[in-house]
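Beneath this line is the structure, given in structure tokens, with notes to follow.
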Amino acid sequence: MDTLTLTRPDDWHLHLRDGEALRAVVAATARQFARAIVMPNLKPPVTTVAQATAYRDRILAALRETAGDEPACSGFEPLMTLYLTDRTPPDEVRRARESGVVHAVKLYPAGATTNSDAGVTSMAAVRATLEAMQAVDLPLLIHGEVVDPGVDVFDREKVFIDTVLESLRRDFPALRIVFEHITTREAAQWVAAAPAATTGATITAHHLLYERNALFKGGIRPHWYCLPVLKRETHRRALLDAATSGDPRFFLGTDSAPHARHLKEMACGCAGCYTAPHAIELYAAAFDSVGRLDRLEGFASHHGPDFYRLSRNAQRVTVRRETWTVPEALPFGAGSIVPLAAGEPLGWRLAS
Ligand code: DOR
Ligand code: ZN
117 MDTLTLTRPD
127 DWHLHLRDGE
137 ALRAVVAATA
147 RQFARAIVMP
157 NLKPPVTTVA
167 QATAYRDRIL
177 AALRETAGDE
187 PACSGFEPLM
197 TLYLTDRTPP
207 DEVRRARESG
217 VVHAVKLYPA
227 GATTNSDAGV
237 TSMAAVRATL
247 EAMQAVDLPL
257 LIHGEVVDPG
267 VDVFDREKVF
277 IDTVLESLRR
287 DFPALRIVFE
297 HITTREAAQW
307 VAAAPAATTG
317 ATITAHHLLY
327 ERNALFKGGI
337 RPHWYCLPVL
347 KRETHRRALL
357 DAATSGDPRF
367 FLGTDSAPHA
377 RHLKEMACGC
387 AGCYTAPHAI
397 ELYAAAFDSV
407 GRLDRLEGFA
417 SHHGPDFYRL
427 SRNAQRVTVR
437 RETWTVPEAL
447 PFGAGSIVPL
457 AAGEPLGWRL
467 AS
């Protein structure tokens, strides 16, 4: 198969940042995707419906400013999220549900990743808020890693399943949960065994394409560093099996997380891979690697809207087998940003 035409995909997990960073990246996503679930981990975090609405306006303004009337970007719809804190009032959840702007609430265990300091310190602290979410049927998106420094960084997702997720699923059986950016066989198995109506998971392109050795190939490679960190090959294979299985619980979420080049290439570099500009091409390469391009459309374009109870997109896009080279760097405000797999060949290309 040399061309693949599919329903225009959506990105169910995306970081767009704010200000000049936002202006640098938003068109890249709008060129590829019709909609995106936008993460709320700004500084300060997006914790109220009013803030989410204002952020949505800034996203659309930045897109107008940088993409003008570029046809590929028209109609892009940001789907907003709230950042869950120990103090999120249940009333804010009810306002979110009524807003039509906010589509989910994101749980970061405090300290788990970039801008997560205001996150949740214990599940007991957010019980009433989760009950409200369950009652109004607003999905909970979970960064599933424990933060205990005594737990090995490669085990944090697995330990989260055993110590947090199992009991959360039991205590809130009707709460819709998305286990975000899963990285382990254990997570894929847990999701596949959970009730489909209330459980989903996003999988990034980088976790489908790379295992942890990519971080160290020829020296330390900060542009492959993200959280949850890449795992060993057995886990990558399990994720690829899950993504290409046709199981509707699994859907596309890039976790494209832009950081300026100098903040990645430093002694203590930021976590996050920037994949927005070539996201669907990376996923096509991953699915093609196991001869399962026929399953890409379900994963990229059907399972996500079905879970979120939104309509599937009407437009279609085409990806073509064509080898091109990922740019070494892209403009990012006054500086630059290095996309994932910079300078490497990629075998698929989105037709304009
Ligand atoms: O690698 C990551 N980068 N993982 C996250 O959970 C957050 C993200 C970011 O915001 O940079
Ligand atoms: Zn993320």
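Position 30 of the sequence shown, counted from 1, bears residue number 146 in the working numbering, the numbering being contiguous throughout. Idealized CB from N, CA, C, for every residue including glycine.
{"Item": "Based on the DSSP secondary-structure assignment, which residues constitute the bridge partners of M196?", "Value": "V154, V218"}
{"Item": "Is it true that the CB of L346 sits closer than 9 Å to the CB of L331?", "Value": "yes"}
{"Item": "Looking at C-alpha atoms only, which residue of R180, N231, M117, H129 is the closest neighbour of A416?", "Value": "H129"}
{"Item": "For T350 and R301, what's the separation of their Cα atoms in angstroms?", "Value": "7 Å"}
{"Item": "Enumerate, from N- to C-terminal direction, the unbroken alpha helix (DSSP H) stretches of 4 or more residues contained entirely within the stretch 250 to 336.", "Value": "272 to 276, 282 to 287, 301 to 309, 321 to 325"}
{"Item": "Can you tell me which of the three DSSP states R139 falls into?", "Value": "helix"}
{"Item": "Is T197 near ligand 2, with its Cβ less than 8 Å from a heavy atom?", "Value": "no"}
{"Item": "Pick from V294, L246, M239, V307: whose alpha carbon is nearest that of L257?", "Value": "V294"}
{"Item": "In the stretch 337 to 408, which residue ranges form an unbroken beta strand (DSSP E) of at least 3 residues, counting only runs that do not cross its ends?", "Value": "366 to 368"}
{"Item": "Please tell me whether, using a cut-off of 8 Å, the distance from the CB of H259 to the nearest non-hydrogen atom of ligand 2 is below it.", "Value": "yes"}
{"Item": "If you drop the 5 nearest sequence neighbours on each side, which residues of the same chain put their C-beta closer than 8 Å to that of A303?", "Value": "G260, E273, K274, I277, F295, A317"}
{"Item": "So is N329 buried or exposed if we call it buried at 16+ other beta carbons inside 10 Å?", "Value": "exposed"}
{"Item": "What is the residue span of the beta strand (DSSP E) that S414 lies within?", "Value": "It should be noted that the sequence gives Gly, not Ser, for residue 414. That residue, G414, is in no beta strand (DSSP E); it is neither H nor E in DSSP."}
{"Item": "What are the boundary residues of the beta strand (DSSP E) that includes H129?", "Value": "127 to 130"}
{"Item": "Thinking C-beta only, is T197 closer than 9 Å to A220?", "Value": "yes"}
{"Item": "Candidates T245, A383, H378: which alpha carbon is nearest V209's?", "Value": "T245"}
{"Item": "Taking 8 Å as the cut-off, is the C-beta of L75 nearer than that to any heavy atom in ligand 1?", "Value": "Limits of the chain in this structure are 117 at one end and 468 at the other, which puts residue 75 out of reach."}
{"Item": "Could you check what DSSP says for R124 in three-state terms: helix, strand or coil?", "Value": "coil"}
{"Item": "On the three-state DSSP scale, how would you describe F448?", "Value": "strand"}
{"Item": "Contact check, R373 vs H131 under 8 Å by CB: the rounded distance?", "Value": "In the sequence as presented, Arg is not what sits at residue 373; that position holds Ala. Confirmed, about 4 Å."}
{"Item": "Does ligand 1 have a heavy atom nearer than 8 Å to the CB of A57?", "Value": "With the chain covering only 117 through 468, there is no way to say anything about residue 57."}
{"Item": "Return yes when at least one heavy atom of ligand 2 lies under 8 Å from the C-beta of E273, else no.", "Value": "no"}
{"Item": "Is the beta carbon of A312 sitting closer than 9 Å to the one on D363?", "Value": "yes"}
{"Item": "Going by the C-beta, is H297 closer than 8 Å to any heavy atom of ligand 2?", "Value": "yes"}
{"Item": "Taking the continuous alpha helix (DSSP H) assigned at L176, which residues delimit it?", "Value": "165 to 183"}
{"Item": "Per the contact definition of three or more C-beta pairs closer than 8 Å, is the stretch 430 to 447 in contact with the stretch 459 to 467?", "Value": "yes"}
{"Item": "So, with DSSP's three-state summary, where would you put T204?", "Value": "coil"}
{"Item": "Which first and last residues belong to the beta strand (DSSP E) in which G463 is found?", "Value": "461 to 466"}
{"Item": "Please tell me whether Q148 has its Cβ less than 9 Å away from any Cβ of chain D.", "Value": "Absent from the structure: chain D. Only one protein chain is present."}
{"Item": "Determine the extent of the alpha helix (DSSP H) in which F423 is found, giving its start and end residues.", "Value": "419 to 424"}
{"Item": "Near F403, what residues of its chain come up, given a Cβ to Cβ distance below 7 Å and the 5 sequence neighbours on each side ignored?", "Value": "T360, L409, R411, L412"}
{"Item": "What is the DSSP secondary structure of P455, counted as helix, strand or coil?", "Value": "coil"}
{"Item": "Could you tell me whether the Cβ atoms of T123 and F192 are closer together than 9 Å?", "Value": "no"}
{"Item": "Per DSSP, what are the beta-bridge partners of L223 in this structure?", "Value": "I258"}
{"Item": "Select from E181, R377, V218, T204 the residue whose C-alpha is nearest the C-alpha of V154.", "Value": "V218"}
{"Item": "Please list the terminal residues of the continuous beta strand (DSSP E) segment that includes T439.", "Value": "432 to 441"}
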